Amino acid sequence: MRIRKARIADIKDVHRLINEFGRKGEMIPRALNDLYENIRDILVCEHNGEIRGVCA
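Using the numbering used here, the first residue of the sequence shown is number 29, and each one after it goes up by one.
As C-alpha cells, then:
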C-alpha cells in the first residue's frame, strides 16, 4: 500500500469512494467539480494500482 497525493486521473475513483461512504453516513458526499477544485488537499491510499482509501 502507498499513500500519495491524488492526481487528476484519480478523481473519479475518489468521487466514487466518497459517495459510497456518504450513502452509509460515514462521509459527507462531495460534488465531482469540488474534488477537482480541491485536488491539492486530497491524499489517496493505493494498493495494486487501485484506489482503496481517501482523506483530505
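Cβ coordinates follow ideal geometry from the N, Cα and C atoms, glycine included. Computed from a predicted model, the values in this text were never measured in an experiment.
Are residue i and residue j close, meaning C-beta to C-beta below 8 Å?
{"i": "I31", "j": "L71", "result": "yes"}
Which of helix, strand or coil does DSSP assign to residue i?
{"i": "E54", "result": "coil"}
{"i": "R30", "result": "strand"}
{"i": "R44", "result": "helix"}
{"i": "I70", "result": "coil"}
What does the alpha-carbon distance come out to for the pair residue i and residue j?
{"i": "K33", "j": "I79", "result": "11 Å"}
{"i": "N61", "j": "H75", "result": "25 Å"}
{"i": "P57", "j": "A37", "result": "19 Å"}
{"i": "M29", "j": "G77", "result": "9 Å"}
Let me check understanding here. Comparing Cα to Cα, which of the options lies closest to residue i?
{"i": "R68", "options": "F49, R51 and V82", "result": "V82"}
Tell me which residues share the same chain as residue i and place their Cβ nearer than 6 Å to its Cβ, disregarding the 5 neighbours each side in the sequence.
{"i": "A84", "result": "D69 and I70"}
{"i": "I46", "result": "M55 and R58"}
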